[in-house]
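Asks:
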Amino acid sequence: VQGVNDASLIETLGGKFKLHPLLLEDVMSTDQRPKVEDYGDHLFVVLRALHFESGRGLRQKQVALVLGRDYLISFEEGPTEGNFTGVIERLVDGRGRLLQEGADYLAYSLLDSVVDHYFLVLENISDEMESLEDRVLRGKEDLLSSIHALKRELISLRKSIWPLREALVFLDRQHSDLIDSDLSVFFRDIYDHTIHIVDTIESFRDMLSGLLDVHLSTISTRLNQVMKLLTVITTIFMPLTLITGIYGMNFDWMPLLHNSFGFAAAMGGMFLITIGMVFFFRRKGWL
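For the sequence shown, my numbering gives the first residue as 41, with consecutive numbering after it.
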């Protein structure tokens, strides 16, 4: 079922399969935390389908699975952008074990497909981080907002996956009659994937923190260079300001004041002072 806005359809399905009213309420509420609930004659699984694109950020859609005896119902908040494509193609083509196994194996396949798509999300985030790193090292842009935005995406991603890991642990320990015991190893494999994904997210967060430190250091270095240049310019103009200040005093008798070469001498002196100070600063490595 794609789209959860048709309450009458969902209620009809609920009546046909005798689904718990709280389950139907959770299906139509698309802000549910990933979880697994056991209603006795059916299991209810909620997780998030994720998609990440550079410039558009992380998009999430709720996916709910209802596993009963010999049936599986999936409720999607909207099109999940390829999360179930592989499973659907295998069903249509009759490939693999899907047609030979029961509804529990189909539930595993859908869960595995969604979780595997998380790796594609991580790959896209990794590409975004590499792009940010290159731009940070060039040091010509203010990337604070971009770095913080990506950190928020990672936090949101972790919030979507961490509860799923706990839900899979619950599913493994529950030993539901609706899931064949031989499939436990498959669900544990999904659990291992979620551990790997969470560890990768933590690694990405550490890398982003380091990238932020480098960016702030680059900004500070650039600011120090500007301040150094302004200080050098100010220092060069200090003796020139002193000379012009002295000759600007209102006294009639001053050296070279009435000399026809006075102005040229003053300008030449200030020029030589400027050249000398620039040469001195260059030798010191300040310019």
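Ideal Cβ placement from N, Cα and C applies to all residues, glycine included.
Since we're looking at a predicted model, the values are computed, not measured.
Please report how far the alpha carbon of residue 283 lies from the alpha carbon of residue 268, in whole angstroms.
Replies: For the purposes of this step, residue 283 is taken as the residue at position 243 of the sequence shown. For the purposes of this step, residue 268 is taken as the residue at position 228 of the sequence shown. Taking the straight line joining both Cα atoms gives about 24 Å.
Asks: Considering only DSSP beta bridges, list what residue 104 is partnered with.
Replies: As a position in the sequence shown, residue 104 is number 64, starting the count at 1. BP columns for residue 104 point to 86, 115.
Asks: Using the C-alpha atoms, what's the distance from residue 208 back to residue 64?
Replies: Here residue 64 is taken as the residue at index 24 of the sequence shown, counted from 1. Here residue 208 is taken as the residue at index 168 of the sequence shown, counted from 1. Distance between the alpha carbons of residue 64 and residue 208: 21 Å.
Asks: Rounding to the nearest angstrom, what Cα-Cα distance links residue 288 and residue 281 in this structure?
Replies: Here residue 288 refers to the residue found at position 248 of the sequence shown. Here residue 281 refers to the residue found at position 241 of the sequence shown. Cα to Cα, the separation comes out at about 10 Å.
Asks: DSSP on residue 78, reduced to helix/strand/coil?
Replies: Here residue 78 refers to the residue found at position 38 when the sequence shown is read from its first residue. Reduced to three states, the DSSP call for residue 78 is strand.
Asks: Only counting runs of 4 or more residues, tell me where the alpha helix (DSSP H) segments fall wholly within the segment 124-208, in order along the chain.
Replies: 125-133, 143-178
Asks: Quick check: does the Cβ of residue 265 come within less than 8 Å of any heavy atom belonging to the ligand ATP?
Replies: What this structure holds is no ligand at all, so the ligand ATP is not there to describe.
Asks: Counting pairs of Cβ atoms below 8 Å between the segment 163-183 and the segment 85-105, do you hit three or more?
Replies: yes
Asks: What residue does the alpha helix (DSSP H) around residue 302 start on, and which one ends it?
Replies: The residue labelled residue 302 in the question sits at position 262 within the sequence shown. Taken as a continuous stretch (DSSP letters only), the alpha helix (DSSP H) holding residue 302 covers 302-323.
Asks: Is the segment 105-124 touching the segment 194-202 in the sense that three or more CB pairs, one from each, lie closer than 8 Å?
Replies: no
Asks: Tell me which same chain residues have a C-beta within less than 8 Å of the C-beta of residue 216, skipping the five on either side of it?
Replies: The residue labelled residue 216 in the question sits at position 176 within the sequence shown. Around residue 216: 78, 83.
Asks: Cα-Cα, which of 75, 273, 224, 301 is closest to residue 320?
Replies: Counting from one through the sequence shown, the residue named residue 320 turns up at place 280. Here the closest residue by C-alpha is 273.
Asks: With distances taken from CA atoms, which of 199, 158, 90, 203 is nearest residue 102?
Replies: The count along the sequence shown starts at 1 and reaches residue 102 at position 62. Per the Cα distances, 90.
Asks: Please name the residue in 230, 58, 257 whose C-alpha comes closest to that of residue 156.
Replies: Translated into positions along the sequence shown, residue 156 becomes position 116. Checked all of 230, 58, 257; the closest Cα to residue 156 is 230.
Asks: Determine the closest residue to residue 187 out of 171, 201, 324, with distance taken between C-alpha atoms.
Replies: Here the question's residue 187 lines up with position 147 in the sequence shown. Measuring from the Cα of residue 187, the nearest candidate turns out to be 171.
Asks: Going by DSSP, what residues sit across from residue 98 in a beta bridge?
Replies: Indexing the sequence shown from 1 puts residue 98 at position 58. Residue 98 is bridged to 92.
Asks: What do you get for residue 88, buried or exposed, if any count of 16 or more other CB atoms within 10 angstroms of its CB means buried?
Replies: In the sequence shown, counting from the first residue as 1, residue 88 sits at position 48. Residue 88 is buried by the Cβ-count criterion.
Asks: With C-beta atoms as the reference, is residue 81 less than 9 Å away from residue 58?
Replies: In the sequence shown, the residue the question calls residue 81 occupies position 41. In the sequence shown, the residue the question calls residue 58 occupies position 18. Closer than 9 Å, so yes.
Asks: Between 158, 233, 302, which has its C-alpha nearest residue 100's C-alpha?
Replies: Here residue 100 is taken as the residue at index 60 of the sequence shown, counted from 1. Checked all of 158, 233, 302; the closest Cα to residue 100 is 158.
Asks: Residue 47 to residue 61, Cα distance in whole Å?
Replies: Position 7 of the sequence shown, counted from the first residue, corresponds to residue 47. Position 21 of the sequence shown, counted from the first residue, corresponds to residue 61. Taking the straight line joining both Cα atoms gives about 12 Å.
Asks: With DSSP collapsed to three states, give me the class of residue 42.
Replies: The residue you call residue 42 lines up with position 2 of the sequence shown. Strand at residue 42.
Asks: Would you mind sorting residue 176 into buried or exposed? The rule is 16 or more other CB atoms within 10 Å of its CB.
Replies: The count along the sequence shown starts at 1 and reaches residue 176 at position 136. Per the 10 Å Cβ criterion, buried.
Asks: Please work out which residues of its chain come closer than 7 Å, Cβ to Cβ, to residue 258, disregarding the five sequence neighbours upstream and downstream, and give them in chain order.
Replies: Position 218 of the sequence shown, counted from the start, is the residue given in the question as residue 258. 176, 179.
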